[in-house]
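Numbering (our numbering), first residue to last: 50 to 256.
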């Protein structure tokens with residue numbers, strides 16, 4: 050079985066860029082009806098196994114993958130775009146800026162290749178999980194994010210009805226299950242966000 054310790058990231062390219070690198074006004078591409086249908090589904094991550102005979106072949110393959118991805122982005126830059134839902138837009142859109150890139154991660158693992166790729170034995174899905182990179186999930190309830198189980202259970206949603214009356218909020222434990230950790234996601238109007246920030250900072254000082 051593959052475990053987290055058996056996977057080591059060797060290279061990530063290109064390196065993540067800072068927001069200042071993409072300060073230009075982004076281009077906007079409307080989504081089609083078929084694109085919008087897929088937004089309601091959970092993210093799909095496929096895992097393919099290819100047997101490589103030697104390290105030289107692996108190096109050549111990685112080089113060709115990088116070149117192929119670069120050429121694809123030259124012809125279709127929106128491939129590296131982000132799906133956003135502007136406040137005054139009736140539906141989500143794809144935004145992208147010249148210079149956006151798709152991250153390619155090269156990693157190695159000491160897991161049993163023949164066991165994981167075998168057709169003759171049953172391999173539980175959880176054995177593949179360490180080999181698949183985690184996709185960050187964030188977004189608005191308008192995307193149906195709270196109806197989707199991403200592998201750690203459905204996200205919990207907390208709606209603030211009024212923080213002026215009680216001056217208190219309930220926070221959920223983080224999905225990682227580490228004692229004491231808290232994960233918070235808020236979408237509030239500006240005056241509510243300012244009030245929450247003030248109450249939260251005061252609460253930390255009183256601990």
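All C-beta atoms in this analysis are idealised placements derived from N, C-alpha and C, irrespective of residue type, glycine included.
- Within its own chain, the residues whose Cβ lies closer than 8 Å to the Cβ of residue 101, once the five positions on either side in sequence are excluded, are 107, 110, listed in chain order.
- Taking the Cα positions, residue 174 is about 44 Å away from residue 243.
- The bridge partners DSSP lists for residue 142 are 79, 133.
- Relative to residue 157, the option among 165, 180, 123, 169 whose CA is nearest is 180.
- Across the set 138, 130, 154, 88, the C-alpha of 130 shows the shortest separation from the C-alpha of residue 147.
- A check of alpha carbon separations from residue 55 across 125, 163, 103, 159 identifies 159 as the nearest.
- The beta carbons of residue 76 and residue 145 sit closer together than 8 Å.
- Going by DSSP, residue 112 is part of the alpha helix (DSSP H) stretching over 104-124.
- Distance between residue 250 and residue 241, taken at the CA atoms: about 14 Å.
- Per DSSP, the unbroken beta strand (DSSP E) holding residue 156 starts and ends at 153-158.
- The beta carbon of residue 149 sits closer than 6 Å to those of 129, all from its chain and outside the five residues before and after it, given in chain order.
- For residue 62, the enclosing beta strand (DSSP E) covers residues 56-62.
- Judged by beta-carbon spacing, residue 172 lies beyond the 8 Å limit of residue 78, meaning their Cβ atoms are not closer than that value.
- Counting only residues of its own chain and dropping the five nearest sequence neighbours on each side, residue 182 has a CB closer than 7 Å to the CB of 154.
- Collapsing the DSSP output to three states places residue 148 in coil.
- Under the three-state reduction of DSSP output, residue 84 falls in the helix class.
- A direct Cα-to-Cα measurement between residue 120 and residue 126 gives close to 10 Å.
- For residue 164, the enclosing alpha helix (DSSP H) covers residues 162-165.
- Contact check for residue 93 against residue 118 fails: the beta carbons are separated by 8 Å or more.
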